[in-house]
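Novice: Top to bottom, those sequences are chains A and B.
Mapping the first sequence onto my numbering, position 205 (from 1) lands on 205, and the numbers just tick up by one.
One rule links them: number in my numbering = place in the second sequence (from 1) + 1000.
Backbone N, C-alpha and C define an ideal beta-carbon position, used for all residues, glycine too.
Quick one: this structure, given as structure tokens, is what I'll be asking you about.
There are 2 protein chains.
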Amino acid sequence: MLQGEGRRAPLNRDRVLRAAVALADETGIDALSMRNLAERLGVVPMALYKHVANKEELLDGMVEVVVGEIDPPPRGAEWKDAVRQRILSARGTLLRHGWASAVIQSRTHAPPAVLAYMDSLIGTFRAGGFSADLTHHVMHALGIRMWGFTQEVFPTPQPPADPDARAAMFGEFAARYPHIVDMATAVSDDGGMAGGAGCDDQFEFEFALDLLLDGFERLHQGGWTSARSVPSA
Amino acid sequence: MLQGEGRRAPLNRDRVLRAAVALADETGIDALSMRNLAERLGVVPMALYKHVANKEELLDGMVEVVVGEIDPPPRGAEWKDAVRQRILSARGTLLRHGWASAVIQSRTHAPPAVLAYMDSLIGTFRAGGFSADLTHHVMHALGIRMWGFTQEVFPTPQPPADPDARAAMFGEFAARYPHIVDMATAVSDDGGMAGGAGCDDQFEFEFALDLLLDGFERLHQGGWTSARSVPSA
DNA sequence: ACGGTAAGGTGTATGCCGTACACCCGTCAA
DNA sequence: TTGACGGGTGTACGGCATACACCTTACCGT
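Structure, rendered in structure tokens:
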């Protein structure tokens, strides 16, 4: 039961992920190798593969850890404040882990924690009275500000061929990310799973661009100057 | 002079860069290795090092090539149209080379072509009557939309210690990127070389965020719906 | 015509990387 | 007691960027 003092507590997935995040924070994402990580954990490189399938999955897990650090949505706040606070919290988190936005961007499928974050942001807009339509475009326009980069939209995973399996997966998705599904179905009938199916990227891009340009014009005409005040109409 | 049919035209830096861009376009940036590139050029890997110092410099060069494809600023257009056109052209270019925004983002110093592009955009705003101050914030807010990602600002290169060398470098920079220098000096007296020195990232972030949030609010209150029209107040 | 120089290309080798595969050991259930 | 299994090991392979020494060719001033 008790064993000699020299025995290391056994690894587990969580300890591996946290060590990886710490190592990336300290030495940069380029210096994060399976070998370096193993060394820091006092273990041989191959031991890590008992806890993560491969390096991609390690990165996936690190993203989950980091995104999990973003503050939960403030309860009882007005939509604008709630969104603002949440996004600034996300920004703070990504600044603490400088490598994270590049890694998130490099994921080939949307990490669940990211979907959960977007789902709750959508919920905030909807609770504030935004239509599903407007919420949709607004989420695109915010993409950048949420993550410090523009994800033009994660690729939609192709659903399984078997109809039963597909229905099951869809059901699970809807249970987990109700607002995403709500918004997606309201926007287009093809039921975009990842919240991005069937939408027109070019339109979304121009929507956000014009929103900014119009804002610039308004500030310009109003003779705006940076008195370190919040810009407003 | 003329030589046997079997002789390959000698490589040069430009042919290497163009081949690299083409290879990245076709097979993705991950599959772009010095070895693959050399093979495509019918040459041994080490031959490439006669034309680029190392892989980082290869990537720098590829960025220059791609950014060079962005349309020049339209002459005689009103600022808003000019900016809009230019940014949509940049977007098109980056969509054609899907790897490019990640690579630009990964550069440790601002590529000259990027500075030139920003310089001319700044010039467009200034010609449209924008103050240096407003132009500065507006450029930050646009960061994203220009490149498909947010570059929080390229790190400012540290100037050489020798005063003469520093003055010379500053002069060259000012000659090449007049609008950047103009704006930077107007904004802060410490003469931010790369256009980013001495500015408050957090303020810039919130500036852009609030601009968007205010825009959302306006659309929301106006009962906006996506009739595929350009959003406006 | 000749030797020198240098630019362009080659070949070999080193030290990283991710990870496949066979193995070994301790724990615990049957 | 046995046997399966979870966690850790050791070895090995192929791919990567790239250092270094070398060779070939073209062109230069003499």
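Can you give, in chain order, each stretch of the beta strand (DSSP E) that sits fully within the region 27-105 of chain A and has at least 3 residues?
Specialist: Correct list: empty.
Novice: For my contact list, residue 988/B and residue 84/A are in at a C-beta cut-off of 8 Å; report their separation, rounded to the angstrom.
Specialist: Nothing can be reported for residue 988/B, as the shown portion of chain B is limited to 1001 through 1233.
Novice: Which value, in whole angstroms, describes the spacing of the CA atoms of residue 82/A and residue 124/A?
Specialist: If I take the Cα positions, the gap works out to 7 Å.
Novice: Using CA coordinates, which residue listed in 1129/B, 1204/B, 1222/B and 1113/B is at the minimum distance from residue 1066/B?
Specialist: Ranking the options by Cα distance to residue 1066/B, first place goes to 1113/B.
Novice: Out of 128/A, 50/A and 201/A, state which residue places its alpha-carbon closest to the alpha-carbon of residue 11/A.
Specialist: Among 128/A, 50/A and 201/A, the Cα nearest to that of residue 11/A is on 50/A.
Novice: Please name the residues in the region 1119-1135 of chain B whose beta-carbon is closer than 9 Å to at least one beta-carbon of chain A, in chain order.
Specialist: Within the region 1119-1135 of chain B, the residues whose Cβ lies closer than 9 Å to some Cβ of chain A are 1125, 1128, 1129, 1130, 1131, 1133 and 1134, listed in chain order.
Novice: DSSP on residue 1124/B, reduced to helix/strand/coil?
Specialist: Helix.
Novice: Which one of 1104/B, 1073/B, 1092/B and 1028/B has the shortest CA to CA distance from residue 205/A?
Specialist: Selected option, being the one with the closest Cα: 1092/B.
Novice: With a cut-off of 8 Å on the beta carbons, I'd call residue 1111/B and residue 1060/B a contact; round off their distance for me.
Specialist: That belief holds up - the Cβ atoms of residue 1111/B and residue 1060/B are roughly 6 Å apart, short of 8 Å.
Novice: Measuring alpha carbon to alpha carbon, tell me which residue in 1128/B, 1108/B, 1134/B and 1139/B is nearest residue 1119/B.
Specialist: Taking only the C-alpha atoms, the option nearest residue 1119/B is 1139/B.
Novice: Taking a cut of 8 Å between CB atoms, which residues from the region 1205-1219 of chain B lie near chain A?
Specialist: The residues in question are 1205, 1206, 1207, 1208, 1209, 1210, 1211, 1212, 1213, 1214, 1215, 1216, 1217, 1218 and 1219.
Novice: Mind checking whether residue 1058/B and residue 1041/B have CB atoms under 9 Å apart?
Specialist: Against a cut-off of 9 Å, the Cβ pair of residue 1041/B and residue 1058/B comes out as no contact.
Novice: Please report the straight-line C-alpha distance between residue 1013/B and residue 1160/B, rounded to a whole angstrom.
Specialist: If you take the alpha carbons of residue 1013/B and residue 1160/B, they lie about 28 Å apart.
Novice: For residue 1107/B, which three-state DSSP category applies?
Specialist: Coil.
Novice: Kindly indicate which residue of 1070/B, 1169/B and 1094/B has the alpha-carbon position closest to the one of residue 1086/B.
Specialist: The shortest C-alpha separation from residue 1086/B is found at 1070/B.
Novice: Does chain B have any CB closer than 9 Å to the CB of residue 55/A?
Specialist: Answer no: the Cβ-Cβ gap between residue 55/A and chain B never drops below 9 Å.
Novice: Output, in chain order, the set of chain A residues within a Cβ distance shorter than 7 Å of residue 1138/B.
Specialist: Within chain A, the residues near residue 1138/B are 216.
Novice: Residue 1142/B versus chain A: which residues are under 7 Å apart at the beta carbon?
Specialist: Ordered by position in chain A, the residues that pass the 7 Å Cβ test against residue 1142/B are 212.
Novice: Just to confirm, are residue 1062/B and residue 1103/B a CB contact at a threshold of 9 Å?
Specialist: Result yes, Cβ atoms of residue 1062/B and residue 1103/B sit closer than 9 Å.
Novice: Should residue 1232/B go down as buried or exposed, given a rule of 16 or more other Cβ atoms within 10 Å for buried?
Specialist: Its pLDDT being 47, under 50, residue 1232/B is placed unreliably by the model, and nothing is read from it.
Novice: Beta-carbon within less than 8 Å of residue 1127/B's beta-carbon, same chain only, minus the 5 sequence neighbours each way: which residues are those?
Specialist: If we look at residue 1127/B and ignore the five residues flanking it on each side, its Cβ neighbours are 1079.
Novice: Could you tell me the distance, in whole angstroms, from the CA atom of residue 1203/B to the CA atom of residue 1142/B?
Specialist: If I take the Cα positions, the gap works out to 14 Å.
Novice: Are residue 1225/B and residue 131/A close, meaning C-beta to C-beta below 9 Å?
Specialist: In this structure, residue 131/A lies closer than 9 Å to residue 1225/B by Cβ.
Novice: Within the 9 Å Cβ cut-off, does residue 1084/B reach chain A?
Specialist: Taking Cβ atoms only, chain A reaches closer than 9 Å to residue 1084/B, which makes this a yes.
Novice: Check residue 1117/B in the structure and name its three-state DSSP category.
Specialist: If DSSP states are grouped into helix, strand and coil, residue 1117/B belongs with the helices.
Novice: If we cut at 9 Å on Cβ distances, does residue 99/A have a partner in chain B?
Specialist: For residue 99/A, the answer is no, since every Cβ of chain B falls outside 9 Å of its Cβ.
Novice: Could you have a look at residue 225/A and say whether DSSP puts it in helix, strand or coil?
Specialist: Coil at residue 225/A, not helix or strand.
Novice: Can you find a CB in chain B that lies within less than 9 Å of the CB of residue 33/A?
Specialist: Residue 33/A does not count as touching chain B.
Novice: So which residues on chain A does residue 1093/B lean against when the C-beta distance must stay under 9 Å?
Specialist: What residue 1093/B touches in chain A: nothing, since even the nearest Cβ is about 13 Å away.
Novice: Enumerate in chain order the residues of its own chain whose CB-to-CB distance from residue 211/A is below 7 Å, with the five nearest sequence positions on each side excluded.
Specialist: These residues qualify, in order along the chain: 141.
Novice: Should residue 1174/B and residue 1133/B be called a contact, given that it needs their Cβ atoms to be closer than 9 Å?
Specialist: Result no, Cβ atoms of residue 1174/B and residue 1133/B do not sit closer than 9 Å.
Novice: Quick one: does residue 1196/B have its CB under 9 Å from some CB of chain A?
Specialist: Annotation note: pLDDT 46 at residue 1196/B (below 50); position unreliable, no value reported.
Novice: Closest to residue 108/A by C-alpha separation, out of 56/A, 72/A, 99/A and 172/A, would be which residue?
Specialist: Nearest option by C-alpha distance: 56/A.
Novice: Rank 1106/B, 1015/B, 1200/B and 1022/B by C-alpha distance to the C-alpha of residue 1048/B and give the top, closest one.
Specialist: Nearest option by C-alpha distance: 1015/B.
Novice: Tell whether a beta-carbon distance below 9 Å holds between residue 1177/B and residue 1116/B.
Specialist: Cβ distance < 9 Å, so residue 1177/B and residue 1116/B count as in contact.
Novice: Return yes when the Cβ of residue 1137/B is within less than 9 Å of the Cβ of residue 1216/B, no when it is not.
Specialist: No, they are not a contact pair.
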